[in-house]
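The sequence shown maps to residues -18 to -1, 1 to 92 in mature numbering (1 follows the signal peptide of the UniProt record, and there is no 0).
Beta carbons: idealized from backbone N, C-alpha and C, even for Gly.
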Amino acid sequence: MKLLLMASALFFASATYAQEAPTDPAPVPGQAATSTDKAGTQPDDFRCLRHTGSIITASRNQRDETHARGKPVKPRCAPVAGRSWSREDIERTGVTDLGTALRMLDPAVH
């Protein structure tokens, strides 16, 4: 029984590493194309998560703001995968159902 469990765990673990990295999706209708900065994403981008359960990104952003000395500083993106949309983005779809609005914003949402 242990051998079967270990073999299946090894099989599924190797399958997760064999997946290809996702390519950039097609642009969402109604969303303007944005240029990217050095890090590859802008804080306005829906893939840039600035607020997570971790205090690491929040402390980095706070440290950057204190060391800026009056210069405007863009918050850093958290080094995690995910997407987020603002309330305005969801309301802009014109749909009253949240699930439908999310599917309109990102077809990958089922």
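Next item on the list: Find out if the Cβ-Cβ distance for the pair Thr78, Met86 is shorter than 7 Å.
Entry: Along the sequence shown, one-based indexing puts residue 78 at 96. Along the sequence shown, one-based indexing puts residue 86 at 104. No, the Cβ-Cβ distance between Thr78 and Met86 is not below 7 Å.
Check: Given that a residue counts as buried once 16 or more other Cβ atoms are within 10 Å of its Cβ, and exposed if not, what is Leu(-15)?
Finding: Mapped onto the sequence shown, residue -15 falls at position 4. It counts as exposed.
Check: Thinking just about the alpha-carbon of each residue, which of Lys56, Leu84, Lys53 is nearest to the one in Asp66?
Finding: Taking the first residue of the sequence shown as position 1, residue 66 is located at position 84. Contrary to the premise, residue 66 reads as Ser rather than Asp in this sequence. Of the listed residues, the one whose Cα sits closest to Ser66 is Leu84.
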